[in-house]
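Chemist: After the structure tokens below, expect a handful of questions from me.
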Amino acid sequence: MSRSSRLLLLTGSLVMIGCRQDMHNQPRYKPLAGTGFFGDGRSARPVVEGTVARGHLRIDKARYTGKEDGMDVTEFPFPITRADLLRGQVRFNIYCSPCHSRIGDGNGMVVRRGFRQAASYHTDKLIKAPVGHFFDVMTNGFGAMPSYASRVEPDDRWRIAAYIRVLQLSENAKIEDVPADQRVALEKIP
694 MSRSSRLLLL
704 TGSLVMIGCR
714 QDMHNQPRYK
724 PLAGTGFFGD
734 GRSARPVVEG
744 TVARGHLRID
754 KARYTGKEDG
764 MDVTEFPFPI
774 TRADLLRGQV
784 RFNIYCSPCH
794 SRIGDGNGMV
804 VRRGFRQAAS
814 YHTDKLIKAP
824 VGHFFDVMTN
834 GFGAMPSYAS
844 RVEPDDRWRI
854 AAYIRVLQLS
864 ENAKIEDVPA
874 DQRVALEKIP
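Residue numbering for the sequence shown follows the numbering used here, starting at 694 and increasing by one per position.
Written as structure tokens, this is what we have:
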């Protein structure tokens, strides 16, 4: 037998040994299939009471519901930074502006195409509404508006609520609201 034939035979033998089906054909149950192994007839054990899926421990009720003692919260559950406002603006433009428009007046493209009028954020009722109200509406929906809980993460809903506050302030701003040192720069703009 030549050297190349022996090498080929050795390689073939190694390949055949590596193709064992032991790992593929081991005894197992399909998920939720019945079995006689456990007394209750199930193949899987029930989840231990109180088990919380990773990433879903929601101790801070206000942060994840927008409510405390059944009332809408009046303050944000975490400090809002400029980066949060910018993220809120991006999320608002994606999810909210089609109905509410980019300025929040309720005349978005969907409304202009004949669908139901969206709420304007510039009404007295919504200007005076606590921030928890906006979070709650995004989470649970209201009227014709569906819930966005499955599409927008809770912290992003708070960022959108913060951006709505920015829109409200910008629409009703007065020159007296601008700090004195920055008014000079504004007055120089033609």
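Don't be surprised by glycine CBs; every beta carbon is placed ideally from N, CA and C. Predicted model, so just to flag it, every value in this text is computed and none were measured.
List in chain order: all unbroken alpha helix (DSSP H) runs of 4+ residues lying wholly within the stretch 797-823.
Modeler: Runs found: 802-805 and 817-821.
Chemist: Counting only C-beta atoms, is Asn833 closer than 9 Å to chain C at any point?
Modeler: Included in the structure is just one protein chain, with no chain C present.
Chemist: Does Ser697 pass the burial test, meaning 16 or more other C-beta atoms within 10 Å, or should it be called exposed?
Modeler: It counts as exposed.
Chemist: Under 8 Å: do the stretch 819-832 and the stretch 842-853 share three or more Cβ pairs, one atom per stretch?
Modeler: The stretch 819-832 is in contact with the stretch 842-853.
Chemist: Note down the Cα distance separating Lys881 from Asn865, rounded to an integer number of angstroms.
Modeler: One C-alpha to the other measures close to 21 Å.
Chemist: Looking only at its own chain, which residues have a Cβ that is under 6 Å from the Cβ of Pro839, when we skip the five neighbours before and after it?
Modeler: For Pro839, where only same-chain residues beyond five positions count, there are no Cβ hits under 6 Å.
Chemist: With a Cβ-Cβ cutoff of 9 Å, do Leu778 and Val871 count as a contact?
Modeler: No; because the gap between Cβ atoms is not below 9 Å, this pair is not in contact.
Chemist: For Gln782, which residues of its own chain have a beta-carbon under 7 Å away from its beta-carbon, when the five flanking residues on both sides are left out?
Modeler: Answer for Gln782: Tyr856, listed in chain order.
Chemist: Taking the alpha-carbon positions, what's the Ile820 to Gly807 distance?
Modeler: Their backbone Cα atoms lie some 26 Å apart in a straight line.
Chemist: Near Arg735, what residues of its chain come up, given a Cβ to Cβ distance below 8 Å and the 5 sequence neighbours on each side ignored?
Modeler: Leu725, Gly727 and Thr728, listed in sequence order.
Chemist: When we look at the beta-carbon of Arg747 and count the other beta-carbons within 10 Å, is it buried (16 or more) or exposed?
Modeler: Arg747 is exposed by the Cβ-count criterion.
Chemist: DSSP three-state call for Met694: helix, strand or coil?
Modeler: Coil.
Chemist: Could you name the residues of the same chain whose beta carbon sits closer than 7 Å to that of Gly801, not counting the 5 residues immediately before and after it, in chain order?
Modeler: Closer than 7 Å at the Cβ level, and outside the excluded window around Gly801, lie Ser790, Pro791, Cys792, His793, Ser794 and Ala811.
Chemist: Please report the straight-line C-alpha distance between Gly743 and Asp733, rounded to a whole angstrom.
Modeler: Using only the alpha carbons, I get a separation of about 21 Å.
Chemist: Between which residues of its own chain and Lys754 is the CB-CB distance below 6 Å, once the five residues before and five after are set aside?
Modeler: Taken in chain order, the list of residues that qualify is empty.
Chemist: Quick check on Arg809: buried or exposed, where buried means 16 or more other Cβ atoms within 10 Å of its Cβ?
Modeler: Exposed.
Chemist: Which one of Trp851, Gly799 and Asp798 has the shortest CA to CA distance from Val824?
Modeler: For the residues Trp851, Gly799 and Asp798, the minimum Cα distance to Val824 belongs to Trp851.
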